[in-house]
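As they're listed, the protein sequences go chains A and B.
So for the first sequence, the numbering used here puts the first residue at 192; every next one is plus one.
So for the second sequence, the numbering used here puts the first residue at 192; every next one is plus one.
Ideal Cβ positions, reconstructed from N, Cα and C, are used throughout, including at glycine.
First up is the structure itself, then whatever we jot down about it.
Protein chains: 2
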Amino acid sequence: MAIAASPATGPHMRRLARREQTIEEALDTAVLIMEEAGVGGLSMSEMARRLGMRQPSLYKYFPSLHGVYDALFARGLARSYAAVQAAAEPLPAGVARIRGGARALIRWAVQNPALAQLLFWRPVPGFTPTEATFATSEQQMRWLGAEFAEAVRLGHLRPDAGSVEALRLFTVLLSGVVSQQMANQPGVGYDTGVFSSLTDTALDMFFARYTNPGGPDADPRP
Amino acid sequence: MAIAASPATGPHMRRLARREQTIEEALDTAVLIMEEAGVGGLSMSEMARRLGMRQPSLYKYFPSLHGVYDALFARGLARSYAAVQAAAEPLPAGVARIRGGARALIRWAVQNPALAQLLFWRPVPGFTPTEATFATSEQQMRWLGAEFAEAVRLGHLRPDAGSVEALRLFTVLLSGVVSQQMANQPGVGYDTGVFSSLTDTALDMFFARYTNPGGPDADPRP
DNA sequence: GTCTATATGTTGATAGAC
DNA sequence: GTCTATCAACATATAGAC
Numbered sequence: 192m193a194i195a196a197s198p199a200t201g202p203h204m205r206r207l208a209r210r211e212q213t214i215e216e217a218l219d220t221a222v223l224i225m226e227e228a229g230v231g232g233l234s235m236s237e238m239a240r241r242l243g244m245r246q247p248s249l250y251k252y253f254p255s256l257h258g259v260y261d262a263l264f265a266r267g268l269a270r271s272y273a274a275v276q277a278a279a280e281p282l283p284a285g286v287a288r289i290r291g292g293a294r295a296l297i298r299w300a301v302q303n304p305a306l307a308q309l310l311f312w313r314p315v316p317g318f319t320p321t322e323a324t325f326a327t328s329e330q331q332m333r334w335l336g337a338e339f340a341e342a343v344r345l346g347h348l349r350p351d352a353g354s355v356e357a358l359r360l361f362t363v364l365l366s367g368v369v370s371q372q373m374a375n376q377p378g379v380g381y382d383t384g385v386f387s388s389l390t391d392t393a394l395d396m397f398f399a400r401y402t403n404p405g406g407p408d409a410d411p412r413p
Numbered sequence: 192m193a194i195a196a197s198p199a200t201g202p203h204m205r206r207l208a209r210r211e212q213t214i215e216e217a218l219d220t221a222v223l224i225m226e227e228a229g230v231g232g233l234s235m236s237e238m239a240r241r242l243g244m245r246q247p248s249l250y251k252y253f254p255s256l257h258g259v260y261d262a263l264f265a266r267g268l269a270r271s272y273a274a275v276q277a278a279a280e281p282l283p284a285g286v287a288r289i290r291g292g293a294r295a296l297i298r299w300a301v302q303n304p305a306l307a308q309l310l311f312w313r314p315v316p317g318f319t320p321t322e323a324t325f326a327t328s329e330q331q332m333r334w335l336g337a338e339f340a341e342a343v344r345l346g347h348l349r350p351d352a353g354s355v356e357a358l359r360l361f362t363v364l365l366s367g368v369v370s371q372q373m374a375n376q377p378g379v380g381y382d383t384g385v386f387s388s389l390t391d392t393a394l395d396m397f398f399a400r401y402t403n404p405g406g407p408d409a410d411p412r413p
C-alpha cells in the first residue's frame with residue numbers, strides 16, 4: 192500500500208482533490224438553484240452558467256443530469272445521517288437518544304429544504320437513486336431499529352415498540368412534521384416554524400403510546 | 192331572473208355546458224399526465240397532443256399553464272373536501288366523525304396521488320394558487336376546527352384538543368401518512384399500503400393523547 | 001478539462017387566417 | 001374555436017479542436 196512516498200499528497204492525489212473540490216462546488220450550486228427554482232428546476236445549463244463554465248464542460252464531472260441528482264441524493268443521505276449521528280451519539284441510549292436524533296433530523300430537513308425534498312418526496316419524474324446510494328438509506332433505518340430495540344431492552348418502551356409498525360409510525364411522524372413545515376411555511380426556520388415546533392409534542396405522543404402506564408421502569412407483563 | 196323561457200337549456204347554456212365539458216376533459220387528461228410524468232411533468236403540448244388538439248387551441252380554455260395548475264388545485268380541493276364530507280356527515284358527531292373524515296381524506300389522497308401532491312406539497316416552482324381557490328382550503332380547516340370543538344363539548348376529547356397546536360398535530364399525522372405512503376409505495380392502494388394501513392393506529396395514538404384517563408365521559412378538571 | 005459548434009429536441013405563448 | 005405559422009427560449013447531449 193504505502194510503497195510510494197506520501198501518495199496522498201503527490202501530484203496525482205492533488206489533481207484528484209482538485210476534481211473533488213470542483214464537484215463539491217458544483218453540488219453546492221445545484222442546491223442553491225433547487226432552493227430558488229424548485230427541485231425540478233435544476234438544469235445543467237444553469238449550473239454551468241453560475242459556475243462560470245460552459246455547459247458541455249460539466250459533463251466531465253457528471254455523466255448526465257440524472258447523475259447530478261444521484262450525487263445530490265447521496266449527499267443528502269450522508270449529511271442527514273451525519274447530523275443525526277452527531278446529535279444522537281453523545282446522548283444516553285434509549286428514548287433520549289432517539290428523541291435527539293429525531294430532533295436533529297427535522298432540524299436538518301428544515302435547514303436543507305431542497306435536499307430534504309429530494310429524500311422525503313420523489314419530486315423528479317423518472318429519477319430513481321442508484322442502488323449503492325439507496326443502501327445508505329437502509330443503513331439509517333437499521334440504526335433506528337437497533338435504537339428502538341435498545342430502548343425496549345432498557346425498559347423505556349414496551350416490547351411492541353420494536354415492531355416494524357411502530358418504526359413506520361415513527362417515520363410517519365417525522366415525515367409529517369417536515370412535510371407540513373416545508374409546504375406551509377417554506378423558508379421559516381426550525382425554531383420559529385409552527386410545525387417544526389411541534390416536534391417534541393409529537394414525540395411525547397409517540398413515546399406515551401409505547402410506554403407502560405406504570406412508568407419507564409415498570410415491569411413489562413410476562 | 193326567469194324572464195326568458197328555460198335559460199338553462201337554451202342554446203347559450205348548451206354552448207357553455209359544452210365548454211365546461213371540454214375543460215373537464217382537459218383536466219382529466221392533465222391528471223393522467225401528472226400521474227405518469229410527475230406533477231412537474233405537465234405541459235400544454237402534451238395535453239393538447241392527447242386531446243387531439245393543437246397546442247394553441249388550449250389557450251381558449253386556459254390562460255396559461257399556471258391557469259391549468261390553478262384549476263387542478265381547485266379541483267383537488269373540491270374533490271377531497273367532498274370525499275371527506277360524504278364520509279363524515281352520516282357519522283355521529285365527535286371523534287367518530289373526525290376519524291371517518293381522516294380515513295376518507297387519506298383514502299382519497301392515495302387514490303389521487305397527483306392532485307394530492309399538488310395540495311400537500313408544493314412541487315411546482317413559482318406556482319401559488321389563486322386567493323379564491325385557497326379560500327376553500329381555509330374552509331376545510333375551519334370545518335375541522337369546529338368538529339374538534341364539538342368533540343370537546345361532547346366530552347370525547349380534553350379541552351386542549353381545541354387548541355391550534357392540537358389541530359396542527361392532527362394535520363401532521365395525516366400529512367405524514369400520505370407522504371410516506373406516496374413516497375415509498377407509489378401506486379399501492381389504500382388497503383394494502385403499509386403506511387396507509389397505519390391510519391387507525393395513528394388516530395388511536397392521537398385521540399389517546401387528548402382523552403382523559405378516566406374515559407370519554409370523565410369530568411374535565413375545572 | 002476547457003472551449004466552440006452543433007444536432008435535436010422541447011417548451012410557452014402570440015398573430016392571424018378561416 | 002379551430003387551425004397554421006412562428007418566435008424566442010430553453011434544454012440535454014455529442015463531436016472534436018486546442
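With 16 other Cβ atoms within 10 Å as the buried cut-off, status of residue i
i: Ala217(B); result: buried
i: Gly317(A); result: exposed
i: Gln330(B); result: exposed
i: Asp261(A); result: buried
i: His203(A); result: exposed
i: Leu249(A); result: buried
i: Met332(A); result: exposed
i: Leu310(B); result: buried
i: Arg288(A); result: buried
i: Arg209(B); result: exposed
i: Gln276(A); result: exposed
i: Gly380(B); result: exposed
i: Ala337(A); result: exposed
i: Pro304(B); result: buried
i: Leu296(B); result: buried
i: Ala409(B); result: In this prediction, Ala409(B) scores a pLDDT of 49, lower than 50, which makes its location untrustworthy; no coordinate-derived value is stated.
i: Leu365(B); result: buried
i: Ser236(A); result: exposed
i: Thr390(B); result: buried
i: Gly231(A); result: buried
i: Gly243(B); result: exposed
i: Pro283(B); result: exposed
i: Leu207(A); result: exposed
i: Ala300(B); result: buried
i: Val286(A); result: buried
i: Ser387(B); result: buried
i: Val355(A); result: exposed
i: Ala221(A); result: buried
i: Ala393(B); result: buried
i: Ser255(A); result: exposed
Where the alpha helix (DSSP H) containing residue i begins and where it ends
i: Gln330(B); result: Glu322 to Arg344
i: Asp382(A); result: Counting along the chain, Asp382(A) falls outside any alpha helix (DSSP H), and DSSP gives it neither H nor E.
i: Asp467(B); result: This structure leaves residue 467(B) out entirely; chain B is present only between 192 and 413.
i: Leu296(B); result: Val286 to Gln302
i: Thr392(A); result: Thr390 to Arg400
i: Ser370(A); result: Val355 to Asn375
i: Met235(B); result: Met235 to Leu242
Distance between beta carbons of residue j and residue i, contact taken as under 8 Å
i: Phe359(B); j: Tyr401(B); result: The question names Phe, but residue 359(B) in the sequence shown is Arg. With a Cβ gap of about 13 Å, Arg359(B) and Tyr401(B) do not count as contacting.
i: Ala352(B); j: Val343(B); result: 6 Å
i: Ala239(A); j: Thr324(A); result: Actually they do not touch by this definition, with Cβ atoms about 24 Å apart.
i: Ser271(A); j: Ser370(B); result: Contact doesn't hold; Cβ gap of about 16 Å is too wide.
i: Trp312(B); j: Ala374(A); result: 5 Å
i: Ala307(A); j: Gly292(A); result: Not quite, the Cβ-Cβ distance comes to about 16 Å (not below 8 Å), so this is no contact.
i: Pro314(A); j: Gly229(B); result: 7 Å
i: Thr321(B); j: Ala269(B); result: Wrong, their Cβ atoms sit about 14 Å apart, outside the cutoff.
**OP:** Note down, in chain order, all residues in the stretch 360-371 of chain B with a beta-carbon under 7 Å from any beta-carbon belonging to chain A.
**Re:** Leu360, Thr362, Val363, Leu364, Ser366, Gly367, Val368, Ser370 and Gln371
Original post:
Taking Cβ-Cβ distances below 8 Å as the criterion, which residues of the stretch 311-340 of chain A are in contact with chain B?
Top reply: Phe311, Trp312, Arg313, Pro314, Val315, Pro316 and Gly317
**OP:** Output, in sequence order along the chain, the residues in the stretch 380-392 of chain A whose CB is closer than 7 Å to any CB in chain B.
**Re:** Val385, Phe386, Leu389 and Thr392
Subject >> Where the stretch 226-243 of chain B meets chain A: residues whose CB sits under 7 Å from a CB there >> reply: Ala228, Gly229, Gly231 and Gly232
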